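Visitor:
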Amino acid sequence: MPLQSHAQWRPRVATCFVATAVLVGVLAGCGSGKPGSAPSSASPSGPGGTVSITEDLGGTSSEPVTFDPTKSHVPMVQNPWDMAIYSTLLRPTPSGGYLPELATSATIVDPRTIAVQLRPGVVFSDGTPVTALAVKQGILRNRDSKASAFQAILQDVSGIDVTGDSAITIHLSAPVAGAFYPLLAGEESFIVSPAASSGDLNNHPVGAGPFVLQQYVPDQKIVLARNPRYWDAKDIRISELEYVNTAPGPQQVNALESNLANVSQIPISDVPAVRSNSAYTVGTAAAQTQSLWMPVCKSTAPLNLVPVRQALSYAIDRPAINAAVLKGVGEPQWALWPQGSIYFPAQLRNYYAYNPQKAQQLLAQAGYPNGFPLSILISPSPVIEQAATIIQQEWKAIGVKATLVTSSNFVNDLYIRKVAPLGINPEVRGGVAVLTGPYQPGSEGDLCNFDNHSLDAIASQLSSLAPQNPKAIDLWRQAQTYVVQNALSIWLEFSPYVFASSKKVSGVQFLAQYALPVPYYWSLSVGG
Amino acid sequence: MVRLVLLRLLSVVPVLLVASSAVFLLLALVPGDPAVTLAGGADATPQAVAHVRSQLHLNDPLIVQYGRWLGHAAIGNLGNSLETGQSVARQISERFPVTLGLVIAAALVGLLVGVPLGIASGVRPGRTVDAGARFFSTLGLAVPGFWLAIILVSVFAVHWRIFPSSGYTGISTSFVGWLKCITLPAVTLGLLVAATLARQLRAAVVDALDTPYVRTAWAKGGTRRSVLFRHALKNAAMPVVTVFGIQLGFLLGSAVIVEQIFSIPGLGSYMLGGITAHDLPVVQGVAIVFVVFQMFTSLLVDISYTWLNPKVRVA
Amino acid sequence: MAEPEGPSGLTGPADSVTTRNGRGMAAFMARHRRPTRFLRRPSVALPLLWLVLVMVGAAFAPLISPHDPNVQDLLHPDAGPGTRHLLGTDDLGRDVASRLIYGARLSMQVPFETVSIALAIALVIGLIAGFWQGWIDYVLMRVTDAGLAFPPLVLALAVVAILGSSANDVALAIAAVIAPGFARFIRGQALAVKQESFIEASSAIGSAPLRIMVTRILPNVMTGLIVQIAIALGGTLLAESGLAFLGLGPPPPASSWGSMLREAYDNSLLTHPWSLVPSGVAIALTVLAFNTLGDAIRDNLTTTNTTAKPSVPARARNRRGLTMVSRPQVPVAPAAPGAPALLEVRDLTIEFDGEHGPLRITDRVSFDVRPGRMVGLVGESGCGKTVSSLAILRLLPTPPARIVGGSIRFEGRDLLDADFAEMRHIRGCGISMVFQDPLASLNPALTVGSQLVEAVRLHEKVSRKAGRDRALRLLESVHIPDPGRRLSAYPHQLSGGMRQRVMIAMALACYPKLLIADEPTTALDVTVQAQIVELLLELRETDDLAVLFVTHDLALISELSDEIVVMYAGQVVEQAPTADLFSRPAHPYTAALLAAQPGVRSPGPSALLAGHVPPAGHHPDGCRFHPRCPYREEACQIGSMELSDVGPSRSSRCRRHGELDLSGLGEPPAVLHHADLAGQRDEP
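Note that the protein sequences, when read in sequence, are chains A, B and C. Take the first sequence: its letter number 357 is residue 358 in this note's numbering, and every next letter is one higher. Take the second sequence: its letter number 43 is residue 1265 in this note's numbering, and every next letter is one higher. Take the third sequence: its letter number 435 is residue 438 in this note's numbering, and every next letter is one higher.
1) Please confirm if Phe1484/B has its CB atom under 9 Å from at least one CB of chain A.
2) Would DSSP call Asp233/A helix, strand or coil?
3) DSSP puts Ser507/A in a beta bridge; with which residues?
4) Between Val25/A and Pro308/A, what straight-line distance do the alpha-carbon atoms span, to the nearest angstrom?
5) Could you check whether the Cβ of Gln1516/B sits closer than 9 Å to any Cβ belonging to chain C?
6) Less than 8 Å between C-beta atoms, sequence neighbours within five positions excluded: which residues of the same chain meet that for Leu1522/B?
7) Would you say Gln112/C reaches chain A, if we count a Cβ-Cβ gap shorter than 9 Å as a contact?
8) Does any residue of chain A have a CB that is nearer than 9 Å to the CB of Val163/C?
9) Round the Cβ separation of His428/C and Gly1444/B to the nearest angstrom and send it over; I've been treating them as touching at under 8 Å.
10) So, for Val136/A: in the same chain, excluding its five sequence neighbours on each side, which residues have a beta-carbon less than 7 Å away from its beta-carbon?
11) Select from Ala1425/B, Leu1247/B, Ser1485/B, Trp1440/B the residue whose C-alpha is nearest the C-alpha of Cys432/C.
12) Kindly indicate which residue of Thr365/C, Leu241/C, Leu399/C has the alpha-carbon position closest to the one of Thr259/C.
13) Counting only the same chain and skipping the five closest in sequence on each side, list residues whose C-beta sits under 6 Å from that of Gly49/A.
14) Cα separation between Val1331/B and Arg430/C?
15) In three-state terms, what does DSSP make of Val207/A?
16) Going by the CB atoms, is the gap between Thr289/C and Leu54/C shorter than 9 Å?
17) Mind listing which residues of the stretch 1386 to 1420 of chain B have their C-beta closer than 8 Å to chain A's C-betas, in chain order?
18) Could you check which residue in Trp232/A, Met77/A, Lys299/A, Pro211/A has the C-alpha nearest to that of Tyr87/A?
19) Looking at the structure shown, is Ser167/A part of a helix, part of a strand, or coil, going by DSSP?
20) Leaving out five residues on either side along the sequence, give the residues of the same chain with a beta carbon under 7 Å from the beta carbon of Phe495/A.
21) Could you list the residues in the stretch 243 to 254 of chain A with a C-beta less than 7 Å from some C-beta on chain B, going in chain order?
22) Would Asn1457/B count as contacting chain D if we go by Cβ distances under 9 Å?
23) Would you kindly report the start and end of the unbroken alpha helix (DSSP H) that includes Ile507/C?
24) Within the same chain, show all residues whose beta-carbon is closer than 6 Å to that of Phe185/C, passing over the 5 residues directly before and after it, in chain order.
25) With 16 other CB atoms within 10 Å as the buried threshold, where does Ile139/C fall?
26) For chain A, is any of its Cβ atoms less than 9 Å away from the one on Gly1367/B?
27) Name, in chain order, the residues that DSSP records as bridge partners for Ala579/C.
28) Where do the N-terminal and C-terminal ends of the beta strand (DSSP E) with Ile425/A fall, by residue?
29) Suppose only complete runs of 3+ residues qualify. What are the beta strand (DSSP E) ranges in the stretch 321 to 399 of chain C, listed by chain order?
30) Identify the residues that DSSP records as bridge partners of Ala107/A: which are they?
31) Can you say whether Pro633/C is buried or exposed, counting buried as having 16 or more other CB atoms within 10 angstroms of its CB?
32) Within the continuous alpha helix (DSSP H) that includes Ser435/C, where are the two ends?
33) Is the Cβ of Ser534/A closer than 9 Å to any Cβ of chain C?
34) DSSP on Asp162/A, reduced to helix/strand/coil?
35) Measure the C-alpha to C-alpha separation of Ala1327/B and Pro1386/B and round it to an integer number of angstroms.
36) Of the residues Ser282/C, Pro254/C, Pro441/C, which one's Cα is nearest the Cα of Glu386/A?
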């Protein structure tokens, strides 16, 4: 729908079996986490200022606001404020890595076991200590809640042992420790204070995060104040964090211009207008999940032929799409990971650079010198429609006559009804799911039941390895080389969240791996 | 009077049955599997899908499913959303006041603009006022509502920044906030109503002023005010009330687009989301609420008839 | 049925040939023998021109459009209008003008396709339901009820969600929304047509139902449908745009105007607002064209003449409730012979605006009403007697009516000089009026009591209670039994005679000196007529009330009035004391009217009064009666005929009045009793 320009191809439901983002810098040895020493000495009257961020609190594109993590139905949409209140065991960084947070380290002992060392002396905002037992109870509370947000993801947790005053061991029922690892930085590890969990969490949430809820005015704003008891309070340089209700769309820019907010996500189509205004800084937050790509049914002619798929891939001018549709803020996608990722194999850069001649040769080689007709399923989102329209013209140049078919029910139409052999996908995934989802039997997303045993093997190995494990890096590179060279899908662009902020606010960074972008509180500051 | 209301309420039943079964069957015809969304969309495993199907009794024959739905609906349980798992009835009860507020505000705009315009132009057909009013109503009926919305947004929200370009504040949260949010959507919808009302009222007033009983009123020495307001308007109101009732239904429909443009969390946007996500319980539930609302307004129209037209009262 | 001279006839006196109720294509065609005249109106020509333009553009899009609508220029998106791109380019650098022209294809296809589908469905449902009725009708109507119970766009949305959003699917979806309304309309029309005798006759003969439907009902239904169709076409275009705007339009790159608008909104609202203009204007103009066309056709079907050019400058036009007077020169007070009259009408000339300029409805009408006397104003329908009587209280609406000459003196005061406030006082208090059809003349929405009390309180500052008492007494004075109960009754709850008594009571509310009764008995039963006549006589006696009794019924007036004024074709043709007129009519028209009274003379009325009163604007030269006059001569057909005195207080407008020996009824018509009138009330 028009206004959900960006939201359209965010995950509607948590499609990510594992929502991860990862690792440019390897997690700097969780065990040796240094900031553990002086947790509560930070003075509450540190540097001040309010950062107000626009957020859709009205519930048109998300669900109603709640402060009890287990009351949320749609995964990850409560994160922007819940992470500020509860924090996580590991702190995700904008570049995709993890830092110690409530835990000082997390180690994969074996594919079914993760050992977590908790930071000693941490307290909840009500003053009660964050003990190993509290963490265990918190995770199990999340697992056992009836809400759909956690059920599928935490069902692998078979048990948690308290192994010391500040140590727990998480046992998994399947060898998926690697895939599970990022959950330690996700809402799954939001720990609710056991003392408060029976109380009115929705109005008086108690967590160990950097902020506490000060005021919530439904449909208007959420005001969070700095938590003086936060273990790392000295690194929080703003006194207030405010979420003001603004629906997605051009009004986000209005909110900035009317000083309703000083930080806002903005629609990509407004980037040129905002950029030309010197009062604002435009920034982006990218992640692997923000991918614009085309799943392809590889079982019927002519798309069963590798050269044909390669030809289609060669016939797309990704930089042009980036410029025209994404206003230059995107990144042409050559593989499953962005070019900045440690998993990105350098030889895949510009692998399918725009080359219509080569595309035609490949088509001729495959026996389709004059091209063929084809339909592309698209969902009615402006970005996707624009991209599809451009691709349609570009494919026309090599003789492939594409018909665009709009679907308001994309998953059903593409994966179940198979209305078209390929589509531009609003469903996004991260982590191992980018392999298991589209290329491994067992989920509806495996279009036309593609199966490759060596790829399956790599995927299951990756599920058991910690993200930073060098072996994982190697496996990722292998997998991508295979997937890309065989053109198992057609990748288009990584499209980031785009932000504009007033020049007064500095250090604006966002974590992009969640369904809604989450600000990186530790770098924000106002004035100066 | 009571009899009339009871009769009308009774006549709602078959229509509701037909309408609800139509929606149910129509949506059952939608190709694809509603369980997939709940089972995780593209990443759903076939087992998960099967599990959801059996949980939702989607394998039962349609008629059984419909019967079950009907039974639940009768006691106010409209099922849970396939997408979010939330109670549809609850969501509707939260969103209905939003849409109702919008519809009422729009109807008010329509009345406040349309009625004076209609009267002014009906009283003096052919004059400047009339020409202006007719121009307004003709134009109002031709301009697409969403286009008007966009224009209003770009003028009053983007350019002058008098009103927010979208978003919603609950009326209980802040009345002023609500008023600010609701103004542009209500004007968008209301102008359309105003155009229709003005048009109808003009015709009705012209007709009424041409009737023998108005001539009688003049003949017995009626003042202009008594002739217009006491004699002509009450009779002219009758066709206009019907049109207004129909317009309320239209408003509810147009609210879908307007709620979308202005990001108002009402029933329209809920239904649109339900339709796009193939969320059958949501669509079904909202559709029924819409139908009931429509019937309710036509009941109100009928009741107002009995006040306006004594002949109905006896019948 | 309204008498053509009655209120409805006032709107278009020139058009007395086609009745206001003339239904069907035939009536439409009859009105427009030359359809070019209809087409030449701006309200028809301009929309048609635009629609033709759009359709030609759509049909020949490849020839007309300056660019390929799908060719992109990613380096030059969102360009403003210029020489290279007439309307600029869109977000992908495509030529907007070309896309608009190609977009017309879908934007035109969908409405026409939709309406065709809806019509096909609705015709089947509507005709079946309307023709067979019974349980089929019940079931079909509940189905349409259900369809109508959905907010329109919502239903379309649901259907599109199921079917998809190609042009055909969208057409089907919107058709599902329109069809129920169409079906109801067709059913209603079919029912109405079916009840007309010719269908019953056909089915009695045994024609097959299908044949009847196709040959009889369908053509009648189609006429009304044309308007519905035109409006529906516009509505469909709007609906299609709405769906496209919600993303449920044709898949790209094909575009309809709606999807162009959506693209502009999504991608260029802030950066290039101009892009919202071309497609939005195209939609608005086209819908406007459809609606205007629909209105024009409707106006032609339902009203007789809406485009009459008022010949009065706007600022000079009078306000509501008072006929405008524009006399070139105000006549000096006439020296009336004998006793001063209560009401003196002199040279009253009234014009109506017609299609081809003003029409003279009455021509120098003069008569007097003396205190306590009853004057009959007689003539056939269309002679101008009602217009004259309404003009006295200046009740003729302007436009179309204007009083262009003469004077109306009431107690010496010229009513044509009076302003609204003065006139308001005279109405009811000086002169009051009773009309022909008491049901239509009483306000259906107000109780008898409140209308009576209002009549009192408009002129006298009395309390509600006092007003109510007076109303009660008024009802008693017109012999309404159980008046207390009647006060709270609505007009439709009373019998015809009772209503007319109420009207009379209302007229008497403020003790007027003159009562103008315009055909007060025509709409009533014979026995009731007699009672009303008696009541009037009684009132004249007891209240010393002067009465101007307007009627076409000579027999009736003969036993009531003191004097009679005969009108023909807008002129007074004879004026005489009742007895004189009946015994020795001085004008052939009067004689013919007398002779037309049944049971009086052997040759039936048709023989002597063949032909019609010529409508205004078609008055013959010479004596206006000459085409129907058995005594006409060459000289009767030229010049103009003047009223001349033919005896003491009588005058006639016949140049042969001296030579003709017209026979009257001999005796004043005591032979005529009310019961005799039963057979001859002419059908209004």
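Glycine included, each C-beta is placed from N, C-alpha and C at the ideal position. Since the model is a prediction, treat every value here as computed from it, not as a measurement.
Guide: The relevant details are as follows:
1) Counting from 1 along the second sequence, the entry for residue 1484/B is found at position 262. Answer yes: the Cβ-Cβ gap between Phe1484/B and chain A drops below 9 Å somewhere.
2) The residue you call residue 233/A lines up with position 232 of the first sequence. The answer is coil: DSSP assigns Asp233/A none of H, G, I, E or B.
3) Position 506 of the first sequence, counted from the start, is the residue given in the question as residue 507/A. The partner list for Ser507/A (beta bridge, DSSP) reads Ser526/A.
4) Taking the first residue of the first sequence as 1, we reach residue 25/A at position 24. Taking the first residue of the first sequence as 1, we reach residue 308/A at position 307. The predicted model places Val25/A with a pLDDT of 31, which falls under 50 and marks its position as unreliable, so this point remains unresolved.
5) As a first step, residue 1516/B is located in the second sequence; it is residue number 294 there, counting from the start. Judged by the 9 Å Cβ criterion, Gln1516/B is in contact with chain C.
6) The residue you call residue 1522/B lines up with position 300 of the second sequence. So the qualifying residues of the chain are Gly1467.
7) The count along the third sequence starts at 1 and reaches residue 112/C at position 109. No, Gln112/C does not count as interfacial toward chain A.
8) Walking along the third sequence from the start, residue 163/C turns up at place 160. Yes, its Cβ sits closer than 9 Å to a Cβ of chain A.
9) The residue given as residue 428/C occupies position 425 in the third sequence. The residue given as residue 1444/B occupies position 222 in the second sequence. So it is not a contact: roughly 12 Å between Cβ atoms.
10) Along the first sequence, read from residue 1 onward, the residue named residue 136/A stands at position 135. Leu119, Ile169, Ile192, listed in sequence order.
11) Reading the third sequence from its first residue, position 429 is the one you call residue 432/C. Across the set Ala1425/B, Leu1247/B, Ser1485/B, Trp1440/B, the C-alpha of Trp1440/B shows the shortest separation from the C-alpha of Cys432/C.
12) Sequence index remark: in the third sequence, residue 259/C carries index 256 (1-based). According to the sequence shown, residue 259/C is Ser rather than Thr. Of the listed residues, the one whose Cα sits closest to Ser259/C is Leu241/C.
13) Reading the first sequence from its first residue, position 48 is the one you call residue 49/A. Non-local C-beta neighbours of Gly49/A in its own chain, meaning closer than 6 Å and more than five positions away in sequence, comprise Ser240, ordered along the chain.
14) Counting from 1 along the second sequence, the entry for residue 1331/B is found at position 109. Counting from 1 along the third sequence, the entry for residue 430/C is found at position 427. Going by the C-alpha atoms only, they are around 40 Å apart.
15) As a working note, residue 207/A is residue 206 in the first sequence. Three-state DSSP puts Val207/A in coil, outside helix and strand.
16) What you label residue 54/C is simply residue 51 of the third sequence in a count that begins at 1. What you label residue 289/C is simply residue 286 of the third sequence in a count that begins at 1. Taking 9 Å as the Cβ cut-off, Leu54/C and Thr289/C qualify as a contacting pair.
17) So the list reads Pro1386, Ser1387, Ser1388, Gly1389, Tyr1390, Thr1391, Gly1392, Thr1395, Ser1396, Gly1399, given in the order they occur along the chain.
18) As a first step, residue 87/A must be located in the first sequence, where it is residue number 86. For Tyr87/A, the nearest C-alpha among the options comes from Pro211/A.
19) On the first sequence, residue 167/A is found 166 positions in, with the first residue counted as 1. Here Ser167/A sits in coil by DSSP.
20) Mapped onto the first sequence, residue 495/A falls at position 494. Result list for Phe495/A: Ala287, Gln291, Ser292, Gly331, Glu332, Gln334, Pro339, in chain order.
21) Shown in chain order are the members of the stretch 243 to 254 of chain A whose Cβ falls below 7 Å from a Cβ of chain B: Asn246, Thr247, Ala248, Gly250, Pro251, Gln252.
22) Annotation note: the requested chain D is absent from the structure, which comprises protein chains A, B and C.
23) Indexing the third sequence from 1 puts residue 507/C at position 504. First-last of the alpha helix (DSSP H) with Ile507/C: 499 to 510.
24) Against the third sequence, residue 185/C aligns to sequence position 182. If we look at Phe185/C and ignore the five residues flanking it on each side, its Cβ neighbours are Ala121, Ala125.
25) As a first step, residue 139/C is located in the third sequence; it is residue number 136 there, counting from the start. Counting Cβ neighbours within 10 Å, Ile139/C comes out exposed, since fewer than 16 surround it.
26) By one-based count along the second sequence, residue 1367/B stands at place 145. Among the CB atoms of chain A, none fall inside 9 Å of the CB of Gly1367/B.
27) As a working mapping, residue 579/C is identified with position 576 in the third sequence. DSSP, once it has assigned bridges, lists Ile567/C as partnering Ala579/C.
28) By 1-based counting over the first sequence, the position of residue 425/A is 424. Run containing Ile425/A: 423 to 425, per the beta strand (DSSP E) assignment.
29) 346 to 357, 360 to 372, 377 to 381
30) As a working note, residue 107/A is residue 106 in the first sequence. Its beta-bridge partners are Val117/A.
31) The residue you call residue 633/C lines up with position 630 of the third sequence. Per the 10 Å Cβ criterion, exposed.
32) For the purposes of this step, residue 435/C is taken as the residue at position 432 of the third sequence. Counting along the chain, Ser435/C falls outside any alpha helix (DSSP H), though it belongs to the beta strand (DSSP E) covering 434 to 437.
33) Within the shown structure, residues of chain A are numbered from 2 to 529, placing residue 534/A beyond reach of any answer.
34) Residue 162/A sits at position 161 when you count from the first residue of the first sequence. Strand at Asp162/A.
35) On the second sequence, position 105 is the one that residue 1327/B refers to. On the second sequence, position 164 is the one that residue 1386/B refers to. Computed Cα separation, rounded: 17 Å.
36) What you label residue 386/A is simply residue 385 of the first sequence in a count that begins at 1. Ranking Ser282/C, Pro254/C, Pro441/C by Cα distance to Glu386/A puts Pro254/C first.
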